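Quick mapping for you: the protein sequence lines, in order, are chains A and B. The first sequence: position 43 = 42 (numbering that gives the first Met the number 0), numbered continuously. The second sequence: position 145 = 144 (numbering that gives the first Met the number 0), numbered continuously.
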Amino acid sequence: MSEHTLDARRLLCPMPVIKTQNKVNELQTGDTLTVTCTDPGVLNDIPAWCRINGHEVISASEKDDEIEIEIKVC
Amino acid sequence: MSKQYKAAALISGGLDSLLAAKVMLEQGIHVEGINFFTGFCVEGHTAAIRKKQQDKPKRNNALWSAEQLGIKLHIIDIVDEYKDVLINPKHGYGANMNPCLDCKIFMVHKALEWIQENDFDFIITGEVMGQRPMSQRKETMPVVANESGAEDLLLRPLCAKNLPMTKPEKEGWVEREKLLAFHGRNRKPQMALAKDFGFEDYASPAGGCCFLTDENYSKKLVDLWQARSSRDYEMDDIMLLKVGRHLRPKPYYKLIIGREEGENKFMQGYTKMFSSIKTVSHAGPLCLVDGATDKDDLEYAAQIVARYSQGKNEDTVTLQINRLDSEPYEITVKPLAADDVKQDWHV
């Protein structure tokens, strides 16, 4: 199990979702991925993508116009 | 135990693709969705940029559809490959810069590649015969199947009974009798089927998910190509066509003027790629300058930007000009009179 990060700042949906999807596809079960974004649309879209693809959102937070979403690959 | 056949469904986020996938799920088919991102999808972008729309809930309708259906969704970035479809459409454009038939052929071809790579059996779409003037006519539906290479692996569950049998029907993977015979532009059958399936909330049933079908957006794209003498674009170009007022005072430069705070903030991210102008003495928009300009051009542009600021009726407005090739400087100008902002500057 390892921790990974993804910078999706300045990208508008669905690009952050596509980048997240492609990164998750490279990871192993149990790995975590923290995605940093600026499009508030990710607060809906990345959790929705995780729900339909069976991954877990560990946390989602917003600070200074940046959003961090931590995902556990399941 | 009999094999469970697998279908890849093209999911746009609209009602038809939702229903087509549901019809297949009802027949016991394993369905996974594919959603293609061309860069011109209306989905998400504009809502994300414009602050005044931020009180509305944002959702990606393709993801939402997949969640309603309980299926996986694969979102595929085809921005680069799509350029050739848009720039050189074999079957031409629709009413605007929409190459709908070539687009559908391309997407079905990409879906064919996907099912071959992922060991799926066939492709489904939400197409309805006679619903769209270009890609969903009786004459063009076989063209999509043939030119995409999908041939009889392409099944349209909502109008299959109006079309020749496909392989999934011939082989008994699906029951043709349980497929539908929708046709024409009447949306009532789809709405009734949605009700039967228990879908009460769905995206705009009239479609319209592509900026290329929009007249104003298409004009801006053509203007961009004409100004550059090249029918090409980058992702940043097509994003900026969605934002701000576009004014072209001279053939060799264009001003992109933010219309509200959300757009100004979004455009701020482009100030390292473009010269920019911002009001200092009064509240006002951010302006990006696209094209090669000299000092006189920028002074004139500053007068135009001042026209769109809170100081438009004042004698003078001070603005900061940020050129890419020099230090920022301030300039004080008289805002251009309303009548001097020529109508034909507006792209």
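Where a beta carbon is used, it is the ideal one built from N, C-alpha and C, also for glycine. This one's a predicted model, so the numbers in the text were calculated from it and none came from an experiment.
Identify the contact partners of residue 44 of chain A in chain B, using a Cβ-Cβ distance below 7 Å as the criterion. The count along the first sequence starts at 1 and reaches residue 44 of chain A at position 45. Simply 59, 62.
Contact under 8 Å by Cβ, residue 289 of chain B with residue 253 of chain B: The count along the second sequence starts at 1 and reaches residue 289 of chain B at position 290. The count along the second sequence starts at 1 and reaches residue 253 of chain B at position 254. For residue 289 of chain B and residue 253 of chain B, yes; Cβs fall inside 8 Å.
Alpha carbon to alpha carbon, how far is residue 202 of chain B from residue 58 of chain A? Give it in angstroms, no decimals. On the first sequence, position 59 is the one that residue 58 of chain A refers to. On the second sequence, position 203 is the one that residue 202 of chain B refers to. Their backbone Cα atoms lie some 28 Å apart in a straight line.
How about residue 129 of chain B and residue 59 of chain B: are their beta carbons less than 8 Å apart? The residue labelled residue 129 of chain B in the question sits at position 130 within the second sequence. The residue labelled residue 59 of chain B in the question sits at position 60 within the second sequence. For residue 129 of chain B and residue 59 of chain B, no; Cβs fall outside 8 Å.
So, are the CB atoms of residue 346 of chain B and residue 319 of chain B less than 8 Å apart? The residue given as residue 346 of chain B occupies position 347 in the second sequence. The residue given as residue 319 of chain B occupies position 320 in the second sequence. No. Outside cutoff.
Assign residue 272 of chain B to buried or exposed, taking buried as 16 or more other Cβ atoms, counted over all protein chains shown, within 10 Å of its Cβ. As a working note, residue 272 of chain B is residue 273 in the second sequence. Exposed is the call here.
Given that residue 59 of chain A touches chain B, what residues does it touch there, using C-beta distances under 9 Å? On the first sequence, position 60 is the one that residue 59 of chain A refers to. None at all; the shortest Cβ gap to chain B is about 14 Å.
So is residue 49 of chain A in contact with chain B if we call contact Cβ pairs under 8 Å? Counting from 1 along the first sequence, the entry for residue 49 of chain A is found at position 50. No, because no Cβ of chain B sits closer than 8 Å to the Cβ of residue 49 of chain A.
Tell me residue 32 of chain B's beta-bridge partners as DSSP assigns them. The residue given as residue 32 of chain B occupies position 33 in the second sequence. According to DSSP, which records beta bridges pairwise, residue 32 of chain B is partnered with B:8, B:72.
Could you list the residues in the stretch 1 to 23 of chain A with a C-beta less than 7 Å from some C-beta on chain B, going in chain order? 9, 11, 12, 13, 16, 17, 20
Looking at C-beta atoms only, is the number of pairs between the stretch 298 to 314 of chain B and the stretch 326 to 341 of chain B that lie closer than 8 Å three or more? yes
Whole angstroms is fine: what's the gap from residue 181 of chain B's alpha carbon to residue 257 of chain B's? In the second sequence, the residue the question calls residue 181 of chain B occupies position 182. In the second sequence, the residue the question calls residue 257 of chain B occupies position 258. Spanning the two alpha carbons is a distance of roughly 44 Å.
Should residue 0 of chain A go down as buried or exposed, given a rule of 16 or more other Cβ atoms within 10 Å for buried? Taking the first sequence and counting its residues from 1, the one referred to as residue 0 of chain A is at position 1. Under this definition residue 0 of chain A is an exposed residue.
Report the rounded CA-to-CA distance for residue 314 of chain B versus residue 261 of chain B, giving the unit in angstroms. For this step, residue 314 of chain B is matched to residue 315 along the second sequence. For this step, residue 261 of chain B is matched to residue 262 along the second sequence. Cα to Cα, the separation comes out at about 28 Å.
Give me the subset of the stretch 75 to 87 of chain B whose CB atoms are less than 7 Å from a CB atom of chain A, sorted by chain position. 76
Residue 328 of chain B, buried or exposed, once every other Cβ within 10 Å from all chains shown has been counted against 16: Counting from one through the second sequence, the residue named residue 328 of chain B turns up at place 329. Residue 328 of chain B comes out exposed.
Please list, in chain order, the chain A residues whose beta carbon lies closer than 9 Å to that of residue 116 of chain B. Reading the second sequence from its first residue, position 117 is the one you call residue 116 of chain B. Those within 9 Å of residue 116 of chain B in chain A number zero; the least Cβ separation is about 13 Å.
Could you tell me the distance, in whole angstroms, from the CA atom of residue 199 of chain B to the CA atom of residue 154 of chain B? Your numbering for residue 199 of chain B matches position 200 in the second sequence. Your numbering for residue 154 of chain B matches position 155 in the second sequence. Each residue's Cα considered, the two are about 26 Å apart.
Should residue 277 of chain B go down as buried or exposed, given a rule of 16 or more other Cβ atoms within 10 Å for buried? Residue numbering aside, residue 277 of chain B sits at position 278 when the second sequence is read from its first letter. With 16 or more other Cβ atoms from the protein chains shown falling within 10 Å of its own Cβ, residue 277 of chain B counts as buried.
Top-ranked residue by Cα proximity to residue 118 of chain B, from B:4, B:230, B:211, B:231: As a first step, residue 118 of chain B must be located in the second sequence, where it is residue number 119. Cα-wise, what sits closest to residue 118 of chain B is B:4.
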